[in-house]
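Take the sequence shown: its position 125, counting from 1, is numbered 124 in numbering that gives the first Met the number 0, and each next residue is one higher.
Structure, as structure tokens:
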Amino acid sequence: MRSGRKTPTMTRLTHRARTVACVAALAATSLALAACGSDDAPEAPAELSGIFADAPVADDSLIADGSTMAEIREAGTLTVAAALDAPLLSQQNPTDPDEVEGFDITLAKLLATYILGEPTVEIVPPASETREALLQNGTVDVVFNTYTITEERAEQVSFAGPYFMSGLAVAVAADNEDIAGIEDLGGKTVIVGANTPAVEAVPEHQPTAEIVTFGTDPQAVQALGQGRGDAYVQDYILLATNAAANPDLKVVGQPFTEEPYGIGLPPEDQEFKDFVNDWLRAIQEGGQWEQAWADSIGTAVDSAAPTPPEIGSVPGS
């Protein structure tokens, strides 16, 4: 059960621009007045489509009275800490502020569907340093925000999952057919970011690789495009984002180090954690997890969908 939940200070669609919200409020008022003078029955909820059409919905028996799930159902929305500016993960459409797409936010909407029967979410954009506080004080129900599971964080909040395993991966020029992953980098010139984990990880995996460092990600991407290295090793999600914006680059293989992303949950709520983990298993078995990946990250990488990580498999989960 949630404790000390605060009413969010933002509107239900917290990512609306204020002007959009005002216009919507006026429109809603007009519709309400019109409804008062009409005998027409309210329209039925729109039928779910796409990935949500066959998404699992929890049986009522799984949502006990007084539980966090029951409170979310009563509120009618799942309040999610998620980014609005993370390509492939959770990115707001600049031409339609109400449209937010990506792997993380699709999973959040699938969880909302599991609890509510529809993908209704309220988005509260977090800063990295505020995620624990947002969960502890009840401002949000869950965090989907490339939230790496660590034992230190697990002392402050709970984690379901992991739901995705990121880590260091390999990018090459789009026309490169010789390199399929870290196993092919022996004797190659490998670009890495200065002061990133790749500086140590690449020699550990490929001692004969020649390392070339660059100070920023754009510099490294440019160097790869100029042929100043055979490959670029960096965080998998960052590389996928680069590939989505640059047709001359592709990500090959799977991450060769592990950075487990978890779903942040309020502390000391084992019932909710078990519920979310059961939902995660359901969408993995039902194919929604793979479809969410294919529709987002999968559009930017040159590899098959990864196998979802085993739930509870890392310290802190």
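For every residue, glycine included, the Cβ atom is placed at its ideal position computed from N, Cα and C.
Alpha helix (DSSP H) segment containing residue i, residue limits
i	result
Gln-155	Per DSSP, Gln-155 belongs to no alpha helix (DSSP H) and is neither H nor E.
Val-313	Run containing Val-313: none; DSSP gives neither H nor E here.
Phe-274	269-285
Ala-243	235-244
Proximity winner among the options, relative to residue i (alpha-carbon distances)
i	options	result
Phe-158	Thr-145, Pro-202 and Glu-209	Thr-145
Thr-129	Val-139, Phe-213 and Gln-205	Val-139
Thr-119	Arg-152, Glu-98 and Gly-285	Glu-98
Pro-254	Arg-72, Val-123, Leu-61 and Gln-233	Gln-233
Ala-80	Glu-131, Glu-309 and Leu-279	Glu-131
Buried/exposed call for residue i, threshold 16 Cβ in 10 Å
i	result
Asn-194	exposed
Glu-258	buried
Asn-276	buried
Asp-95	exposed
Ser-295	buried
Ala-126	exposed
Pro-314	exposed
Ser-165	buried
Thr-215	exposed
Whole-angstrom distance between residue j and residue i, CA atom to CA atom
i	j	result
Tyr-235	Gly-180	12 Å
Gly-90	Trp-288	Correcting the residue identity first, residue 90 is Gln in this sequence and not Gly. So the alpha carbons of these two residues sit roughly 18 Å apart.
Ser-316	Ala-243	31 Å
Ala-303	Asp-64	42 Å
Asp-301	Thr-67	40 Å
Leu-32	Pro-124	Because Leu-32 sits at a pLDDT of 37, beneath the cut-off of 50, its placement in the model cannot be relied upon, and the following sentence gives the value as read from the coordinates. Using only the alpha carbons, I get a separation of about 33 Å.
Cys-21	Gly-224	With a pLDDT of 34 at Cys-21, under the threshold of 50, the modelled position of that residue is not reliable, and the figure given next carries that caveat. When rounded, the distance between both Cα atoms is 46 Å.
Ile-148	Thr-240	22 Å
Tyr-113	Ala-52	12 Å
Thr-207	Arg-72	56 Å
Leu-109	Phe-143	12 Å
Leu-47	Tyr-162	24 Å
Thr-298	Ala-291	11 Å
Asp-247	Asn-175	10 Å
Ala-222	Pro-305	28 Å
Thr-76	Gly-185	51 Å
Glu-270	Ile-62	10 Å
Ala-309	Thr-256	First, the amino acid is wrong: residue 309 is Glu here, not Ala. Distance between the alpha carbons of Glu-309 and Thr-256: 16 Å.
Boundaries (first-last residue) of the beta strand (DSSP E) holding residue i
i	result
Pro-346	The structure shown has nothing for residue 346, since the chain only spans 0 to 316.
Gln-218	Counting along the chain, Gln-218 falls outside any beta strand (DSSP E), though it belongs to the alpha helix (DSSP H) covering 216-224.
Residue-chain proximity (residue i, chain B), Cβ-Cβ < 8 Å
i	result
Pro-125	Here chain B cannot be found, since the structure has a single protein chain.
Nearest-angstrom beta carbon gap, residue j and residue i [assumed within contact, 8 Å]
i	j	result
Thr-212	Gly-192	7 Å
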